[in-house]
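Residue numbers (my numbering): 296 to 1057.
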Amino acid sequence: MTADFAEVLRAFRESNSLTQEELAERAGLTVKAIGALERGERRRPYPHTVRAIADALDLDEESRARLVAAVPARTRPAAAPVGGPPAVTAGGVPAPPVELVGREADLAGLAGLLVGSTTRVVTLTGPGGVGKTTLALAAARQVEGEFPGGVAMVALAGVTEAGAVLPAVAAAFGVPEAGLQSTPAGLAPYLTGRRVLLLLDNLEQLVECGPALAELSAHCPDLVVLATSQAPLRIRAEHEFRVEPLDHATTVELFRARAAALGDHLVAEPDEDAAVAELCRRLDGLPLAVELAASATSIAHPVALLARLNELLADGPRDLPERQRSMAATLDWSHSLLDEPERALLARLTVFPAGFSLAGAEAVGGPDTLRSLRKLLEHSMVSRSADVQDTERFRLLEPVREYAAAGLSDADRLAATHLLADHAVQLGRDLETDLRGAALAASLDLAEADLVMLRLAFHHLVAVGRFDDAGALVWRLWLFLALRGHGREGLTWVGSLRGQPLTDESRACWLTAASGLHFLVGEVAAQRQDGDAALGLARKLDRPDLLAEAAVMAASGALFAGDLDGASERLATVDLAATAEPAPWASLHCRIAAGQVALLAGRLDEAERLLVEAEADARALGNPFTLATTLNLRATVTELRDAHSETAALLAEAAELSVDARISWTLAYTLPALAGVAVRLGELQAGAQLFGASASYSAEHSVAASFQTAKALAERDLAAARDELGEAEFRTAWDAGRDTTGAGVVELAQTLVQALSRRARG
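Have a look at this one:
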């Protein structure tokens, strides 16, 4: 190792009282470059680098000469950059080392870009191990005939200075050293007029060469550059082509193909299939990780490999570059390209058990998160997921998560988890109003996207004794848990707070949520007990919203237990007159409950009046759950009056609202009512199919459709369909219904409405 240049550089820097950061800024270099030079890791800086440093240090002629003299002599000054000579293949491109699997669309799209008339620079970006080089080689070979001037490949993994890229390109094309002058303008005359493809592999540590490549491209309009890099070059001539991990099915296919290529023919057995599926899930679509894991199938069954996955990813084929012979080595390489703030953020992001939003990242990462996150995205250490309701989402690939998590101390992990829990509490506050307003559907999607994080946060709040925050979080989110089919899980959350010390307000919130979730699953006794307890506490608090919500739960408990007077008494706690436009959500549901009381008491005129008024207010509020609930109840009234056309229209709208917002609770009531209408219309097959869909849906989403009148009507119609069709035909239609989609339900509902309309006209 040449220490002289390192010692001379350090001495000059320190004599000028400069930090490495200050010298790097003055010289236009990176801090990493200065550090590598001073440690002797970069042994032979190029002349332009030495000149930049000398100018930055403002050296006199004697000192400048001393700095230049400290640079070791080169045997091939321009063609042997720091880190050893690049591997160059001129006049052709080697075949990819393995067959491409699942990249047909990528290959076609990339080939089209390379031969297009407008593309000058294409950069394949993606995480380490995703297969950028393999795809680039396949594409270059496919379009080779379109470049009569030649195709040249330059492998840059061992190059550590951006200034070495142009000399390496010159060497690839056989350009005389004297003609290069280490500038784009010097190289351009040798390439101008030639239709040439240049493949630059592994450019991520050299992205500072981007401006030079842009200038070379501008000088040479017939030159097309294809680069592979974990980060884009960020030049205007660049077209970034993102190489994403493989989907799960393709990952499984690739794993089996690689195992077969090694002579290990896996047998399709249930335990093996499940193990392979889980292995591939954890490999997260990275072909390199698949390659490494598949190579171990010769010594162990996939079930055994699951427990030792990290060991499997530690020793790969010998023909891979050294930095890719293990996932750890690949990730070490990627990690080394990051600055300290980016590494710290990456480690903290591992506390998210799944995807996360920008707000979530900022919550655990601090004020500089946006800049660091951008760098992590550029270097493919963090991936973009599909946006949810116009909110950006991100994720860590599983191998990256496991690698980065090892860099987080127990104390830092606990601190980051505290911040994650704070973020969950704030998210609950943000969603509380929207879940009970016109933005219900969007807020359900946002909560669904963060469910895994919310689950972790809730249990962390309980574990560290933040019981009041945990109770408030359950109350704010219970409606989401109920409407999106997570009611049983919500009850486990509720159960973990029983017996814990809570303030009266937090206890009232928690008990209200508990009662609502018991309501969902049909546990009437528990619902009534928790609802009454919640109402008793809420009466002591100055929280009209909480009081009304607790009154709904307490009244519903009495209602479903057959205590109509008790239900009315509990509803009387709240002023049922509309006092605002639109009416508050909980107050409106109190009025809906009053309509249910009248319906069960047989006062149909009163029930209809209350529910028609509630429908108008529900439309003004714009909450799909509230409106669908009201429409379902109105349909029960019209059904009792044999107004089939009106019943079908009400239920069709309720079904569409529920399907569009993916609300499970109301749809579980709509489906059997729709089935009953179909049966009474003589559409027995459709009715049996809808009954099958209803049974499947209610079981899947843990919803007990137990409103007494509607339940009795549904049971009557179900028996009629079974009798008239016969058991065999009924069972066939029922089984078909179990696979009916939400869109199929809406289509059946609209068909019923149209059939009734035709009958009315006829």
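In this text, a Cβ means the ideal position worked out from N, Cα and C, and glycines have one as well.
Asked, Found
"Report the residue ranges of all alpha helix (DSSP H) runs contained in full by the stretch 436 to 481; include only those spanning at least 4 residues, in chain order.", "460 to 467, 472 to 475"
"Near Val1058, what residues of its chain come up, given a Cβ to Cβ distance below 6 angstroms and the 5 sequence neighbours on each side ignored?", "Coverage of the chain is limited to positions 296 through 1057, which leaves residue 1058 absent and any answer about it impossible."
"If Ala434 and Leu402 are in contact, beta carbons under 8 angstroms, what's the gap, nearest whole angstrom?", "6 angstroms"
"Nearest to Pro367 by alpha carbon, out of Leu899, Pro340, Arg638?", "Pro340"
"Going straight from the alpha carbon of Ala963 to that of Ser989, what length do you get?", "6 angstroms"
"With contact counted as at least three CB pairs below 8 angstroms, one residue from each stretch, are the stretch 663 to 678 and the stretch 723 to 740 in contact?", "no"
"Please report the distance separating the alpha-carbon of Pro597 from that of Leu587.", "13 angstroms"
"Where do the N-terminal and C-terminal ends of the beta strand (DSSP E) with Ala767 fall, by residue?", "Run containing Ala767: none in the beta strand (DSSP E); it sits in the alpha helix (DSSP H), 762 to 778."
"Around the Cβ of Val907, are there at least 16 other Cβ atoms within 10 angstroms (buried) or fewer (exposed)?", "exposed"
"How about Val425 and Leu549: do their beta carbons lie closer than 8 angstroms?", "no"
"Count the other C-beta atoms from every protein chain shown that fall within 10 angstroms of the C-beta of Gln500, then say buried if there are 16 or more, exposed otherwise.", "buried"
"Does Arg1053 come out as helix, strand or coil in the three-state DSSP assignment?", "helix"
"Can you list, in chain order, the stretches of the beta strand (DSSP E) that have 3 or more residues and sit fully within the stretch 489 to 535?", "491 to 496, 518 to 524"
"Applying the 10 Å Cβ sphere with the 16-neighbour rule, what's the burial state of Arg1054?", "exposed"
"Skipping 5 residues on each side, what residues in its chain have a beta carbon closer than 8 angstroms to that of Leu408?", "Thr414, Val417, His534, Phe536"
"Have a look at Arg975, Leu751, Arg731, Ala1028 and flag the residue whose alpha-carbon is nearest the alpha-carbon of Ala983.", "Ala1028"
"Which value, in whole angstroms, describes the spacing of the CA atoms of Leu969 and Thr1046?", "11 angstroms"
"Candidates Leu581, Ala555, Ala719, Asp579: which alpha carbon is nearest Ala591's?", "Ala555"
"My assumption, with CB atoms under 8 angstroms, is that Leu494 sits in contact with Leu521. Please give the rounded CB distance.", "5 angstroms"
"Beta-carbon within less than 6 angstroms of Val757's beta-carbon, same chain only, minus the 5 sequence neighbours each way: which residues are those?", "Ala765, Ser791"
"Hey, is the stretch 876 to 890 in contact with the stretch 689 to 703, meaning 3+ C-beta pairs nearer than 8 angstroms?", "no"
"For the alpha helix (DSSP H) containing Asp542, name the first residue and the last one.", "Here Asp542 belongs to no alpha helix (DSSP H), and DSSP marks it neither H nor E."
"Since I believe Leu841 is in contact with Ala803 (beta carbons under 8 angstroms), could you give me their beta-carbon distance rounded to a whole number of angstroms?", "6 angstroms"
"From the DSSP output, in three-state form, read off Ala375 for me.", "Any reading at Ala375 must be qualified, since the residue scores a pLDDT of 32, below 50, and its modelled position is unreliable; the value itself is stated next. In the structure shown, Ala375 sits in coil (DSSP, three-state: anything other than H, G, I, E or B)."
"Using the rule of at least 16 other Cβ atoms within 10 Å of the residue's Cβ for burial, across every protein chain shown, is Ala645 buried or exposed?", "Per the sequence presented here, residue 645 reads as Thr, with Ala not at that position. Under this definition Thr645 is a buried residue."
"Is the beta carbon of Asp517 closer than 8 angstroms to that of Gly444?", "yes"
"I want to know whether the stretch 915 to 926 touches the stretch 935 to 950 - three or more CB-CB distances under 8 angstroms.", "yes"
"Along the chain, where does the beta strand (DSSP E) containing Ser678 start, and where does it finish?", "678 to 683"
"Quick one: any contact between the stretch 844 to 863 and the stretch 885 to 904, if contact means 3 or more CB pairs under 8 angstroms?", "yes"
"Quick one, which of Leu985, Asp1018, Arg1017, Leu304 has its alpha-carbon nearest Asp1034's?", "Leu985"
"What is the DSSP secondary structure of Ser989, reduced to helix, strand or coil?", "helix"
"Under the DSSP definition of a beta bridge, which residues are partnered with Ser310?", "Per DSSP, none; premise fails for Ser310."
"Using the C-alpha atoms, what's the distance from His755 back to Leu715?", "9 angstroms"
"If you follow the alpha helix (DSSP H) that Thr420 is part of, which residue opens it and which one closes it?", "It is not in any alpha helix (DSSP H) - Thr420 instead sits in the beta strand (DSSP E) that spans 416 to 420."
"Along the chain, where does the alpha helix (DSSP H) containing Thr1036 start, and where does it finish?", "Unbroken run through Thr1036: none, as it is neither H nor E."
"At 4 residues or longer, and completely inside the stretch 900 to 966: list those alpha helix (DSSP H) runs for me, N to C.", "919 to 935, 939 to 956"
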